[in-house]
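Structure, as structure tokens:
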Amino acid sequence: MRILITIFILIYFVSATNGQIPSPNFISIDHIPIAVKNLDNSRKEFSDLLHFKVKNGKEHEGIKNYFIKFEDGTYLEFTTPIDSLQTIGKYYADFLKNRQGGTSLAIAVKSSDTLINYLNAQSIVYNIDSNRIWKTIEPKGFELFFIDYADKQWRDSKTNTTHLNTASSLKSAYILSPDINTDVKKYKLFGFSELKKGSFLNIPYRHLIIGDSHLYLLEAYKSKKITRFLNQQDLIGICGFEIKVKALSTLNKLLEKTDRVIIDKNRTIVYLQDLNLFFVFTE
């Protein structure tokens, strides 16, 4: 036992001295906030067309929102500003001046203290916000933040996480990157590890992981096969999600057959033009 403890300490020390956050601190991509102009229209699209169970949120800090929650604790948060004089409301109002779509990645961590020690050692400036449920740490100048829950075992009710389309998890995120090499370095700085290079719809990507989640950085300037289905042709940033489902056959029977629904053998891709997003459903 002492030998194992010593080995673990050595691994931790080597990781820290190499300027890396110890990878066991990361759980997964916790959720992704998505800015929308009209909550009612987007809610109807997700409930009536994609057959998700939608959980309504409430008005707070200048915004109003709703959620799509999954049984493993991951979720998508859809937000619109209602008061741009408040800080968070202003953030979403400013974001929507450019486009609708994903704003940032929220990464769940086991220990906020471990993360804070790392950020301090790297001289990375960050903001902290906390309440009785969670603490968030947001590095300045980056489209991601970290969240540490007081109760890491908490999950929403089965009523809110049971979907007619059998969705069970937010597994991956896709980002259109104008400079992949720079972005890979950025995400590695914050704990992501690179697996491999590959392609999605013939678009080159770099595949990264953090905890149980995956991140695909796609080359934005080669992304016409995606953006032709979306409103913004020069789109960069968060553009898609991989959603794990229990039965693709069930999902496919529910979906309306249009040119924006692509059904392959092992996946189904759905494009949401107005929101500048696509969903990749896999078993």
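In the numbering used here, the protein residues as written are 77 to 359. For each residue, glycine too, the CB sits at the ideal point set by N, CA and C. Note that the coordinates shown come from a computational prediction; the quantities given were computed from them, not determined experimentally.
Three-way DSSP call (helix, strand, coil) for I103 in this model: In the structure shown, I103 sits in a strand (DSSP, three-state: E or B).
My output table needs one value for L284: the three-state DSSP class, helix, strand or coil. Strand.
Run the CB neighbour count on D296, radius 10 Å, all protein chains shown included, and call it buried at 16 or more, exposed below. Rather than Asp, the amino acid found at residue 296 in this sequence is Ala. It counts as buried.
Where do the ends of the beta strand (DSSP E) carrying K211 lie? Taken as a continuous stretch (DSSP letters only), the beta strand (DSSP E) holding K211 covers 210–215.
Of the choices L291, L324, I339, D310, whose alpha-carbon is the least far from that of G316? G316 has its Cα closest to that of L291, out of L291, L324, I339, D310.
Bridge-paired residues (DSSP) for D224: Residue pairing for D224: DSSP places it in a beta bridge opposite K211.
T190 versus Y167 - alpha carbon distance: Cα-Cα distance, rounded: 28 Å.
Tell me which same chain residues have a C-beta within less than 6 Å of the C-beta of S248, skipping the five on either side of it? Cβ neighbours of S248 within its own chain (closer than 6 Å, five residues either side excluded): H290, E318.
Secondary structure at L126, three-state DSSP: helix, strand or coil? The answer is coil: DSSP assigns L126 none of H, G, I, E or B.
Unbroken stretches of the beta strand (DSSP E), 3 residues or longer, contained in the segment 299–349: Here the runs fully enclosed are 313–321, 337–339, 344–348.
Rank L294, N278, T334 by C-alpha distance to the C-alpha of L284 and give the top, closest one. Of the listed residues, the one whose Cα sits closest to L284 is L294.
Would you kindly work out how many angstroms separate the C-alpha atoms of R282 and I302, rounded to a whole number? Taking C-alpha positions only, R282 is separated from I302 by approximately 17 Å.
Can you tell me whether DSSP reads V201 as helix, strand or coil? The answer is coil: DSSP assigns V201 none of H, G, I, E or B.
Determine the contact status of S180 and E219, defining contact as a CB-CB distance below 7 Å. A contact, by the Cβ cut-off of 7 Å.
Could you tell me which residues DSSP pairs with I139 in its beta bridges? The bridge partners DSSP lists for I139 are H136, P157.
The alpha helix (DSSP H) with G165 in it runs from where to where? Element bounds for G165: 163–172.
Anyone know if the C-beta pair for S188 and K173 falls short of 7 Å? Contact annotation: S188 and K173 have beta-carbon atoms that are not nearer than 7 Å.
Quick one: what does DSSP say F354 is sitting in, helix, strand or coil? In this structure, F354 counts as strand in the three-state DSSP scheme.
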